[in-house]
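Let me begin by presenting the structure, written as structure tokens, before commenting on it.
What follows is the structure, encoded as structure tokens:
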């Protein structure tokens with residue numbers, strides 16, 4: 159989800175959530191496999207802090223949020239964006255749940271190692287090009303609020319993961335043959351390969367801020383003809 163202020167002066171957005179398939183999870187050194195599904199014509203990376211839960215956690219108040227945290231790790235939320243989402247009903251998040259679309263790692267930093275999760279530097283590279291480069295102190299709904307919100311609706315068990323959302327600044331497309339890397343301060347760095355059986359190509363530009371969720375901005379980067 160978009161969960162960062164991104165230099166905008168506005169009212170806070172309402173919290174929202176979605177679930178990703180367990181089969182979306184892969185680890186360091188694995189491969190992000192873009193599906194041979196022709197409708198979502200652009201696949202994008204979202205570098206995120208992930209909270210690893212210590213459960214069972216139910217109706218946890220934001221004052222008691224630390225009781226529900228085992229640790230933290232890095233997550234790449236791979237997303238089929240724009241036209242792909244229009245393939246399904248409104249507000250569907252199926253484009254985020256293809257197999258391999260939730261790389262996690264390289265390790266879990268335990269809660270005692272990170273006393274303040276809302277002060278961590280997040281960076282992401284695509285073939286050596288720095289794209290995401292932000293700090294979690296810009297998070298709109300911070301970790302205590304995320305835990306309180308989610309545990310009002312469902313019981314979270316040990317090993318469950320909350321992805322904290324991304325800063326849209328630095329969005330870019332993924333394509334065949336690339337190597338991507340994510341690094342979060344005090345956690346570590348991991349890399350993965352990208353494979354696309356259809357060998358689709360997109361412009362290598364990135365999208366900045368609110369413009370990154372503007373369909374007209376994404377249309378400027380439709381796949382190039384081979």
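In the numbering used here, the protein residues as written are 159 to 384.
Just so it is clear, CB atoms sit at the ideal spot from N, CA and C, and this is done for glycine as well.
Fair warning: this is a prediction, and the values are worked out from it, not measured in the lab.
Query: Give a yes or no on contact between the segment 223-233 and the segment 334-345, applying the rule of three or more CB pairs nearer than 8 Å.; Result: yes
Query: Classify residue 235 as buried or exposed, calling it buried when 16 or more other Cβ atoms lie within 10 Å of its own Cβ.; Result: buried
Query: Assess, as a yes-or-no matter, whether the segment 292-310 is touched by the segment 274-281 under the definition of 3 or more beta carbon pairs within less than 8 Å.; Result: yes
Query: Can you have a look at residue 256 and say buried or exposed, based on whether 16 or more other CB atoms are within 10 angstroms of its CB?; Result: buried
Query: Would you call the CB atoms of residue 184 and residue 190 closer than 9 Å?; Result: yes
Query: Do the segment 252-270 and the segment 302-310 make contact, defined as three or more Cβ pairs closer than 8 Å?; Result: no
Query: For residue 186, which residues in the same chain have their Cβ closer than 6 Å to its Cβ, ignoring the five residues on either side in sequence?; Result: 263, 264, 348
Query: Would you please state the rounded distance, in angstroms, between the beta carbons of residue 324 and residue 204? I believe it to be under 8 Å.; Result: 4 Å
Query: For residue 352, count neighbouring Cβ atoms within 10 angstroms of its own Cβ and tell me buried if that reaches 16, exposed if not.; Result: buried
Query: Between residue 318 and residue 218, is the Cβ-Cβ spacing less than 9 Å?; Result: no
Query: Is residue 263 helix, strand or coil when you go by DSSP?; Result: strand
Query: From what residue to what residue does the beta strand (DSSP E) around residue 305 run?; Result: No beta strand (DSSP E) contains residue 305, which is instead part of the alpha helix (DSSP H) from 301-311.
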